[in-house]
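Final position of the sequence shown in our numbering is 635; the numbers increase by one with none missing. Step one of this worksheet: look at the structure below.
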Amino acid sequence: MDKSNIYIITGLSGAGKSTTLAVFEDAGFYCVDNLPVALLPKILKTPVENRKNIKGFAFVMDLREKDFVTKAPVIFNTLKNRGILLKIIFLEAAFDVLIKRFSQTRRQHPLIYRSNLYKSIHEEIKQLSPFKLISDKIIDTTKSNVHQLKTIIKNSIFKKDISTKLMYIYILSVGFKYGIPPDADLIIDVRFLANPYFVPELKDLNGENRSVSDYVLNDKNATVFLQKYFNLIDFLIPLYNKEGKSYLTIAIGCTGGKHRSVAISTKVLNHIVQLDYLVSVTHRDMKKQ
Numbered sequence: 347m348d349k350s351n352i353y354i355i356t357g358l359s360g361a362g363k364s365t366t367l368a369v370f371e372d373a374g375f376y377c378v379d380n381l382p383v384a385l386l387p388k389i390l391k392t393p394v395e396n397r398k399n400i401k402g403f404a405f406v407m408d409l410r411e412k413d414f415v416t417k418a419p420v421i422f423n424t425l426k427n428r429g430i431l432l433k434i435i436f437l438e439a440a441f442d443v444l445i446k447r448f449s450q451t452r453r454q455h456p457l458i459y460r461s462n463l464y465k466s467i468h469e470e471i472k473q474l475s476p477f478k479l480i481s482d483k484i485i486d487t488t489k490s491n492v493h494q495l496k497t498i499i500k501n502s503i504f505k506k507d508i509s510t511k512l513m514y515i516y517i518l519s520v521g522f523k524y525g526i527p528p529d530a531d532l533i534i535d536v537r538f539l540a541n542p543y544f545v546p547e548l549k550d551l552n553g554e555n556r557s558v559s560d561y562v563l564n565d566k567n568a569t570v571f572l573q574k575y576f577n578l579i580d581f582l583i584p585l586y587n588k589e590g591k592s593y594l595t596i597a598i599g600c601t602g603g604k605h606r607s608v609a610i611s612t613k614v615l616n617h618i619v620q621l622d623y624l625v626s627v628t629h630r631d632m633k634k635q
């Protein structure tokens with residue numbers, strides 16, 4: 347187990363703990379929301395499937411657990427003495443903003459049973475103040491929306507520990523005769539390129555074949571197009587990632603989805619791989635007649 351990537355996410359209700367946990371999960375962390383603190387030592391010892399692929403652990407703990415305030419310091423210190431270093435992230439927001447968020451979501455505050463919402467938030471601030479003092483990172487989400495908070499987590503928490511390029515990119519080659527993919531974010535039409543369909547020895551092959559690929563890419567317009575298209579996606583992809591988009595689907599289409607779109611999609615895939623994003627390609631219509 348990597349003992350350097352264990353995060354405890356705590357703080358005020360309505361400050362963005364669920365959003366923060368989602369960013370960790372997208373980054374490949376093993377995540378648990380509302381984990382009873384007494385189970386923390388046990389879960390860190392429990393074998394996890396595909397542990398090699400897990401980049402760390404992130405647990406949300408707060409006043410939803412009745413004894414969190416009294417039990418957590420003892421357990422945290424015990425783990426520290428065992429050489430397990432916990433990184434505590436404390437989320438907070440301005441009082442009036444928390445009131446507004448609870449009014450919008452209509453969620454109950456974990457301490458609402460004691461009094462009204464105003465007094466519950468004040469009590470939560472008081473009870474969690476010791477954890478704010480020992481936290482490794484305090485994040486004020488007063489002026490942050492969901493997307494902005496995701497960016498803050500990526501930039502200020504992960505830094506060089508893991509890749510901040512969390513957006514997954516799907517490249518999809520399609521034949522327009524079979525319809526436009528409804529989930530595509532970007533669609534490019536490459537029917538202006540030379541068509542191998544009209545070359546007898548290439549007609550029955552597909553764009554994964556070297557002869558077909560060479561035929562498409564040797565079109566003088568293909569080189570110019572790819573250069574300009576790479577410039578476009580190099581500009582757009584970081585902006586989508588910064589906005590907190592989880593998935594980006596790039597559709598590349600020709601008439602039947604068998605030759606030109608397949609060859610171009612492969613070139614686009616190879617280019618994006620060099621940008622160090624998670625990326626895959628699917629040829630939707632390549633095997634259709």
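Glycine residues also receive a C-beta, built at the ideal position from the N, C-alpha and C atoms.
Self-check item: Inter-residue spacing [alpha-carbon to alpha-carbon] between Val608 and Ala530
Solution: Annotation: Val608 to Ala530 spans about 16 Å, alpha carbon to alpha carbon.
Quiz item: Hey, would you say Phe436 sits closer than 8 Å to Gly360, going by beta carbons?
Solution: Cβ distance not < 8 Å, so Phe436 and Gly360 don't count as in contact.
Quiz item: In whole angstroms, what separates the C-alpha of Arg537 from that of Pro546?
Solution: Here the C-alpha atom of Arg537 lies approximately 18 Å from the C-alpha atom of Pro546.
Quiz item: Ordered along the chain, which non-local residues of its own chain (more than five positions away) have a Cβ less than 7 Å from that of Lys401?
Solution: Exclusion of the five residues before and after Lys401 leaves Asn351, Ala373, Gly374, Phe375, Ile508 as the residues of its chain whose Cβ lies within less than 7 Å of its Cβ.
Practice problem: Could you name the residues of the same chain whose beta carbon sits closer than 7 Å to that of Ala440, not counting the 5 residues immediately before and after it, in chain order? | Solution: In its chain, beyond the 5 residues on either side, Thr488 have a beta carbon closer than 7 Å to the beta carbon of Ala440.
Quiz item: Comparing alpha-carbon positions, which option in Phe522, Val443, Ser475 lies nearest Lys634?
Solution: In this structure, Phe522 is the residue among Phe522, Val443, Ser475 with its C-alpha nearest to the C-alpha of Lys634.
Self-check item: Ala418 in three-state terms, based on DSSP
Solution: In this structure, DSSP gives Ala418 a helical state, which the three-state scheme calls helix.
Practice problem: Counting only the same chain and skipping the five closest in sequence on each side, list residues whose C-beta sits under 7 Å from that of Lys496. | Solution: Shown here for Lys496: same chain residues with a beta carbon closer than 7 Å to its own, the five before and five after excluded, namely Thr365, Val369, Gly590 in chain order.
Practice problem: Quick one: which unbroken alpha helix (DSSP H) runs of 4-plus residues sit fully inside the segment 500-563? Chain order, please. | Solution: Taking only runs of at least 4 residues, the alpha helix (DSSP H) segments lying wholly in the segment 500-563 are 546-549, 556-563.
Quiz item: Of the choices Arg410, Leu425, Gln494, Ile421, whose alpha-carbon is the least far from that of Gln454?
Solution: Out of Arg410, Leu425, Gln494, Ile421, Arg410 has the C-alpha closest to the C-alpha of Gln454.
Quiz prompt | Opposing strand residues paired with His629 [DSSP bridges] | solution = Paired residue(s): Ser519.
Quiz item: Count the other CB atoms within 10 Å of the CB of Ile526; is the residue buried (16 or more) or exposed (fewer)?
Solution: Counting C-beta atoms within 10 angstroms of its own C-beta, Ile526 has fewer than 16 neighbours from the protein chains shown and is therefore classed as exposed.
Quiz item: In terms of residues, what are the limits of the beta strand (DSSP E) holding Tyr593?
Solution: Here the beta strand (DSSP E) through Tyr593 covers 593-600.
Quiz prompt | Where Ile355 falls, given that 16 or more other Cβ within 10 Å makes a residue buried | solution = Ile355 comes out buried.
Quiz item: Helix, strand or coil: how does DSSP classify Lys483 here?
Solution: Strand.
Practice problem: State the Cα-Cα distance for the pair Ser481 and Val627, rounded to the nearest angstrom. | Solution: Their backbone Cα atoms lie some 42 Å apart in a straight line.
Quiz item: With Met632 and Gly603 assumed to form a contact (beta carbons below 8 Å), what rounded beta-carbon distance in angstroms separates them?
Solution: About 6 Å; that satisfies the 8 Å criterion.
Quiz item: How far does the beta strand (DSSP E) with Glu438 in it reach, from first residue to last?
Solution: That run of the beta strand (DSSP E) goes 432-438.
Quiz item: Using DSSP with H/G/I as helix, E/B as strand and the rest coil, what is Ala373?
Solution: It is coil, neither helix nor strand.
Quiz item: Excluding sequence positions up to five away, which residues of its chain have a Cβ less than 7 Å from the Cβ of Phe422?
Solution: Sequence-distant Cβ neighbours of Phe422 in its own chain, meaning closer than 7 Å and more than five residues away, are Leu432.
Practice problem: Between the Cα of Arg630 and those of Leu563, Gly553, Val492, spot the shortest distance and give me the residue it belongs to. | Solution: Comparing Cα positions, the closest option is Gly553.
Quiz item: Ends of the beta strand (DSSP E) at Thr356?
Solution: Per DSSP, Thr356 belongs to the beta strand (DSSP E) from 352-357.
Quiz item: Mapping DSSP to helix, strand and coil, what is Ala609?
Solution: It is helical.
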